[in-house]
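If you count the sequence shown from 1, position 223 lands on 1012 in the numbering used here, and the numbers rise without skipping. Note that CB positions come from ideal geometry on N, CA and C, so glycine has one too. This one's a predicted model, so the numbers in the text were calculated from it and none came from an experiment. Presented below is the structure to which this report refers.
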Amino acid sequence: RDDLRKIQRLISEPYTLDQEEFHLTSSIGVALYPQDGTTSEELIRHADMAMYKAKSMERGIVFYYEEHSNQVSREMLLEQLLHKAVVDEEFDLHYQPKVDILTEKMTGTEALIRWNHPELGNISPAEFIPVAERSRLIIPLGNWVLKKAVEQNAKWYRESGQSLIIAVNVSPVQLKQSSFVNNLAKTIQETGMPPELLELEITERVAIDYGTELLDKLQSLQRMGVKISLDDFGTGYSSLNYLRSFGMDTLKIDRIFVCDYSKDHEEKSLIPGIIAIGHALGMKVIAEGVESREQVEFLRAKGCDAVQGFVYSRPLPAAELEKLFDKKLTG
Ligand code: C2E
Ligand code: MG
Ligand code: MG
């Protein structure tokens, strides 16, 4: 470590160029042979990962093995806490509006799980859902989400006269369970919500790991009236031919394609192409992660059907979402 610091010190010494003084800072990632890798490619890849970590944390020097073992212990910690959290129901759902691009009215919501841990604070689903999937805790957790979301939507239907479509994210681990379809049918029946008001969001990942068996399941769900939406489109690897055989209802353009849209380089955007593919496959198209008015205008001009994103609303607790009922939303 001392030698590494010496290198950093040498790099950081000021130097002059055209009478101006410059400083360089550096980030170092370290991978050691043999414990971090036995081939040069593996060592370079791990050193690179450590370097990115060093850059992002502004820590200067990061050893691959330290980070790696930290990650493992963070995962073990989360898994332990999740067990308890599932039993104690430390979770909550927030709802984000999905907005019709022409009328600017809310046609549905997406239920997004929130975990507020008494000591660790808010933990992002992007972090704990993968842990829940690997430990299979996603099964009880996912059942809780489905039940809670359908109950809430049934309540809005009965008591507020709203026919909103509630979208729920489901993991491949949940879908693989043989009882999934029956359990879901039971939940819907118990709440009395019309099945047409439920949409399941699945990612391309599901289609890849799961293959044709999935087709039967999706079809029985669709026969019940439940809609299927393909989340994060454009970030997975499924073939278009494969997608065509699934006959899903909605395609969600991943926010990455929305983020990288710029008015000055419209011609570089993949959005019009993705919308055309969705429509050619007979799907409705929604864009997620929409943050600006400019993005809404572009999506509308290109024929996108619906929009979800901070421009209209962040995900909100149920009581806050109710304030948006029957309103024309302004982005
Ligand atoms: P997702 O299904 O693609 O959900 C969209 C994510 O984008 C949400 O993050 C949402 O808060 C965020 N978002 C919405 N609008 C904007 C925007 O305008 N700008 C930006 N930057 N972000 C926006 P969140 O809630 O952190 O969820 C992350 C992911 O975790 C979700 O991605 C989904 O894959 C997963 N997830 C969330 N809840 C559940 C759940 O109940 N079950 C399962 N299996 N996965 C869930
Ligand atoms: Mg989603
Ligand atoms: Mg998504």
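Limits of the beta strand (DSSP E) - the one that THR828 falls within: Run containing THR828: none; DSSP gives neither H nor E here.
Beta strand (DSSP E) segment containing HIS1068, residue limits: Per DSSP, HIS1068 belongs to no beta strand (DSSP E); it is in the alpha helix (DSSP H), 1060-1069.
GLU1077 beta carbon near ligand 3 (any heavy atom closer than 7 Å): It does: the Cβ of GLU1077 is within 7 Å (strictly closer) of some heavy atom of ligand 3.
Where LEU926 sits in the DSSP three-state scheme: Secondary structure of LEU926 (DSSP, three-state): coil.
Sequence-distant residues of its chain with Cβ nearer than 6 Å to LEU1118 (five each side left out): Excluding sequence neighbours, LEU1118 sits near VAL888, GLU893, TYR1101.
Pairwise C-alpha distance: ARG863 and ASN958: Those two C-alpha atoms are separated by around 24 Å.
Cβ pair count under 8 Å reaching 3, the stretch 863-875 against the stretch 843-853: Fewer than three Cβ pairs drawn from the stretch 863-875 and the stretch 843-853 lie within less than 8 Å of each other, which leaves the two stretches out of contact.
Check whether THR1024 and LEU953 have beta carbons under 8 Å apart: LEU953 is positioned such that its CB atom lies no closer than 8 Å to that of THR1024.
Test item: CB-CB of ASP1049 and MET1072 under 8 Å: Taking C-beta atoms as the reference points, ASP1049 and MET1072 fail to come closer than 8 Å.
Inter-stretch contact (C-beta, 8 Å, three-pair minimum) for the stretch 940-949 and the stretch 907-922: In the pairwise beta carbon analysis, the stretch 940-949 is classified as not touching the stretch 907-922: fewer than three pairs are separated by under 8 Å.
Supposed contact pair LEU1004 and ILE955 - C-beta distance, whole angstroms, cut 8 Å: About 24 Å separates the Cβ atoms of ILE955 and LEU1004, ruling out a contact at the 8 Å cut-off.
Ligand 2 heavy atom lying under 7 Å from the CB of ASN911: Distance from the C-beta of ASN911 to the nearest heavy atom of ligand 2 is not below 7 Å.
Proximity below 8 Å, CB of ASP1043 to CB of GLU1077: Taking 8 Å as the cut-off, the Cβ atoms of ASP1043 and GLU1077 count as close.
Contact belief for PRO984 with ILE977 at Cβ below 8 Å, rounded distance in angstroms: Contact annotation, PRO984 with ILE977: C-beta distance approximately 5 Å; criterion of less than 8 Å satisfied.
Coil, strand or helix - MET895 by DSSP: Strand, per DSSP.
Opposing strand residues paired with ALA956 [DSSP bridges]: Answer is GLU899, GLU988.
SER960 Cβ short of 7 Å to ligand 1 heavy atom set: Yes, ligand 1 has a heavy atom inside 7 Å of this Cβ.
Start-to-end residues for the beta strand (DSSP E) that takes in PHE1035: Per DSSP, PHE1035 belongs to no beta strand (DSSP E); it is in the alpha helix (DSSP H), 1029-1035.
Beta-carbon proximity list for VAL875, same chain, < 8 Å, skipping 5 on both sides: The beta carbon of VAL875 sits closer than 8 Å to those of LEU926, PRO929, LEU930, TRP933, all from its chain and outside the five residues before and after it, given in chain order.
N-terminal and C-terminal residue of the alpha helix (DSSP H) that LYS1091 is part of: LYS1091: not part of any alpha helix (DSSP H); DSSP gives it neither H nor E.
Contact test: GLU990 Cβ vs ligand 1 heavy atom, cutoff 7 Å: GLU990: yes, Cβ under 7 Å from ligand 1.
Rounded straight-line distance, which links the Cα of ALA820 to that of GLU830: If I take the Cα positions, the gap works out to 11 Å.
Segment limits, beta strand (DSSP E) that includes ALA820: Going by DSSP, ALA820 is part of no beta strand (DSSP E) at all; its letter is neither H nor E.
Distance between beta carbons of ILE890 and ASP1094, contact taken as under 8 Å: Right, the Cβ-Cβ distance comes to about 6 Å (below 8 Å), so this counts as a contact.
Heavy atom of ligand 3 within 7 Å of LYS1041 beta-carbon: Proximity of the beta carbon of LYS1041 to ligand 3 is indicated: a heavy atom of the ligand is located closer than 7 Å.
heavy atom of ligand 2 below 7 Å from GLU899 C-beta: Yes, Cβ of GLU899 sits closer than 7 Å to a heavy atom of ligand 2.
Check: GLU864 C-beta below 7 Å from any heavy atom of ligand 1: Because no heavy atom of ligand 1 lies under 7 Å away, the Cβ of GLU864 does not count as near it: no.
Extent of the continuous alpha helix (DSSP H) to which PHE852 belongs: Element bounds for PHE852: not the alpha helix (DSSP H) but the beta strand (DSSP E), 850-852.
Beta-ladder partner(s) of TYR884, from DSSP: The partner list for TYR884 (beta bridge, DSSP) reads ALA900, LEU1105.
Where the alpha helix (DSSP H) through ILE1045 begins and ends: That run of the alpha helix (DSSP H) goes 1044-1048.
Distance cut-off 7 Å: VAL934 Cβ against heavy atoms of ligand 1: VAL934: yes, Cβ under 7 Å from ligand 1.
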